[in-house]
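So for the sequence shown, our numbering puts the first residue at 27; every next one is plus one.
Virtual Cβ for every residue (Gly too), placed ideally from N, Cα, C.
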Amino acid sequence: MKITFHNTGYCKQLEALAISGGRWRQQAFPGIFAIMEHPVLGPVLFDTGYSPRFLEATKRLPYALYRWTTPVTLAGERSAAEHVQAAGYSPREVKHIIVSHFHADHVCGLRDFPEATFICSQQAYEAVQPLNGFAAVKKAFLPELLPPDFAKRTRWIEQSNQVELPAKYAPFHSGYDLFNDGSVTAIRLSGHAADQFGLLLQGDTGQELLLGADASWSEAAVRDNRPPHALASIVFDNRAEFKETFDRLVELKRRNPELQQIFTHCEETWKRCIAWQGAGA
Ligand SMILES: [Zn+2]
27 MKITFHNTGY
37 CKQLEALAIS
47 GGRWRQQAFP
57 GIFAIMEHPV
67 LGPVLFDTGY
77 SPRFLEATKR
87 LPYALYRWTT
97 PVTLAGERSA
107 AEHVQAAGYS
117 PREVKHIIVS
127 HFHADHVCGL
137 RDFPEATFIC
147 SQQAYEAVQP
157 LNGFAAVKKA
167 FLPELLPPDF
177 AKRTRWIEQS
187 NQVELPAKYA
197 PFHSGYDLFN
207 DGSVTAIRLS
217 GHAADQFGLL
227 LQGDTGQELL
237 LGADASWSEA
247 AVRDNRPPHA
257 LASIVFDNRA
267 EFKETFDRLV
277 ELKRRNPELQ
287 QIFTHCEETW
297 KRCIAWQGAG
307 A
């Protein structure tokens, strides 16, 4: 399956929060999403990154607090819908969008895909759905980014076929076969957000990938076992679960270095994607 990665904008945050031993200075973190070209289902998206809707949704208090604490630049970057068009598809051709979690920087593009079914965790959705105002901002959730008919257009990950994973993915042992064909397996990466999910899949060159969403903010943090600074855990849904998931990713990397772990906000990943895909990525 052909898989391409696309950047939708940058947010600024202290590097030292994202990785232990990092510098205490602002760093730009990309907001990447993936287009998977499924042979039967057509383009399937994993998250949708930022879009100009983010600026609209954070115009007024209390939602503006999100933008003040995590400044975002969209300049020069395309939205998910524009990337889909550049890849040769109409947004209406996107029938499936897998949502890793409901932080605003992953769901800004959802409203631009009117024909899509959303595949997400029921528990994750139920954790954010009742929230608005300050309670929503505290969870990095901006309710107006979700289409009004979101729940009606959703298929729950937890209701997909549960499968045992091959030993090469240990210490992850089970996942959900999202399309009943083995092409995309969702695995639970809880902690950063409640019931966050990542994906295991294979690129068209045979390269195996783990799309890890925000379970780490960089490849290097997992590779060198440098978890985020304790201060960063303020934004986590569950600090202990985050650490447990992070430790399992470190162990997976140690046992299976060939498996590429890709994280939404990793600049190193993004530079490699540009090299793979060319400047139009
Ligand atoms: Zn997040």
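L237 to Y151 span [Cα, whole Å]: The residue you call residue 237 lines up with position 211 of the sequence shown. The residue you call residue 151 lines up with position 125 of the sequence shown. In a straight line, the C-alpha of L237 is about 20 Å away from that of Y151.
Exposure of S242, with buried meaning 16 or more beta-carbon neighbours within 10 Å: Numbered from 1 along the sequence shown, position 216 holds the residue referred to as residue 242. Sixteen is the threshold: when 16 or more other Cβ atoms of the shown chains lie within 10 Å of the Cβ of S242, as they do, the residue is buried.
Exposed unless 16 or more other CB atoms sit within 10 angstroms - verdict on I183: Along the sequence shown, read from residue 1 onward, the residue named residue 183 stands at position 157. Classification of I183: buried, given that the 10 Å Cβ count is 16 or more.
Residue burial classification, T34 (beta-carbon count within 10 angstroms, cutoff 16): Along the sequence shown, read from residue 1 onward, the residue named residue 34 stands at position 8. With 16 or more Cβ atoms within 10 Å of its Cβ, T34 is classed as buried.
Burial state of V98, where buried means 16 or more other Cβ atoms lie within 10 Å: Counting from one through the sequence shown, the residue named residue 98 turns up at place 72. Buried: at least 16 other Cβ atoms inside 10 Å.
CB contact check: N158 to chain D, cutoff 8 Å: Looking for chain D here will not work: only one protein chain is present.
Status (buried if at least 16 other CB within 10 Å, exposed otherwise) for S6: Only positions 27 to 307 of the chain appear in this structure, which leaves residue 6 out of reach.
Per DSSP, the bridge partner or partners of Q287: The residue labelled residue 287 in the question sits at position 261 within the sequence shown. Residue pairing by DSSP puts Q287 in a beta bridge opposite L236.
beta-carbon D240 near ligand 1 non-hydrogen atom, thresh 7 Å: Indexing the sequence shown from 1 puts residue 240 at position 214. Yes, since a heavy atom of ligand 1 falls inside the 7 Å radius drawn around the Cβ of D240.
Closer than 7 Å: H255 CB and nearest ligand 1 heavy atom: Position 229 of the sequence shown, counted from the start, is the residue given in the question as residue 255. No, since every heavy atom of ligand 1 falls outside the 7 Å radius drawn around the Cβ of H255.
Residues of its chain near G143, where Cβ-Cβ distance is below 8 Å and the 5 sequence neighbours each way are ignored: Residue 143 sits at position 117 when you count from the first residue of the sequence shown. What sits at residue 143 in the sequence shown is Thr, not Gly. These residues qualify, in order along the chain: K121, H122, I123, R179, T180, R181.
Per DSSP, cross-strand counterpart(s) of H32: By 1-based counting over the sequence shown, the position of residue 32 is 6. DSSP output for H32 lists F59 as bridge partner(s).
Residue from A220, L40, T96 with nearest C-alpha to F128: Mapped onto the sequence shown, residue 128 falls at position 102. Ranking A220, L40, T96 by Cα distance to F128 puts A220 first.
G201 to V163 span [Cα, whole Å]: As a first step, residue 201 is located in the sequence shown; it is residue number 175 there, counting from the start. As a first step, residue 163 is located in the sequence shown; it is residue number 137 there, counting from the start. When rounded, the distance between both Cα atoms is 30 Å.
8 Å contact criterion, which L168 and M62 should meet: CB distance rounded: For the purposes of this step, residue 168 is taken as residue 142 along the sequence shown, with counting starting at 1. For the purposes of this step, residue 62 is taken as residue 36 along the sequence shown, with counting starting at 1. Not confirmed; about 26 Å, so no contact.
Secondary structure, beta strand (DSSP E): runs of 3+ residues fully inside the stretch 214-267: Fully enclosed beta strand (DSSP E) runs of 3 or longer: 223-228, 234-237.
N-terminal and C-terminal residue of the beta strand (DSSP E) that F198 is part of: Counting from 1 along the sequence shown, the entry for residue 198 is found at position 172. For F198, there is no enclosing beta strand (DSSP E), as DSSP marks it with neither H nor E.
Buried or exposed by the 16-neighbour rule on C-beta atoms within 10 Å, applied to H199: Translated into the one-based positions of the sequence shown, residue 199 becomes position 173. Exposed, by the Cβ-count rule.
Rounded Cβ spacing between A44 and A258 (contact assumed at less than 8 Å): Here the question's residue 44 lines up with position 18 in the sequence shown. Here the question's residue 258 lines up with position 232 in the sequence shown. Going by Cβ atoms, the distance from A44 to A258 rounds to 7 Å, so yes, they are a contact pair.
Range of the contiguous alpha helix (DSSP H) that encloses R181: In the sequence shown, residue 181 corresponds to position 155, counting from 1. For R181, there is no enclosing alpha helix (DSSP H); the residue is part of the beta strand (DSSP E) that begins and ends at 180-182.
Chain-order list of residues whose beta-carbon lies under 7 Å from that of E190 (same chain, five-residue window excluded): By one-based count along the sequence shown, residue 190 stands at place 164. In its chain, beyond the 5 residues on either side, H199, S200 have a beta carbon closer than 7 Å to the beta carbon of E190.
Nonlocal neighbours in the same chain, by C-beta distance under 7 Å from V276, ignoring five residues either side: For this step, residue 276 is matched to residue 250 along the sequence shown. So the list reads V248, N251, once near-sequence residues are dropped.
Contact test: A258 Cβ vs ligand 1 heavy atom, cutoff 7 Å: Here residue 258 corresponds to residue number 232 of the sequence shown, with the count starting at 1. Every heavy atom of ligand 1 is 7 Å or more from the Cβ of A258, so no.
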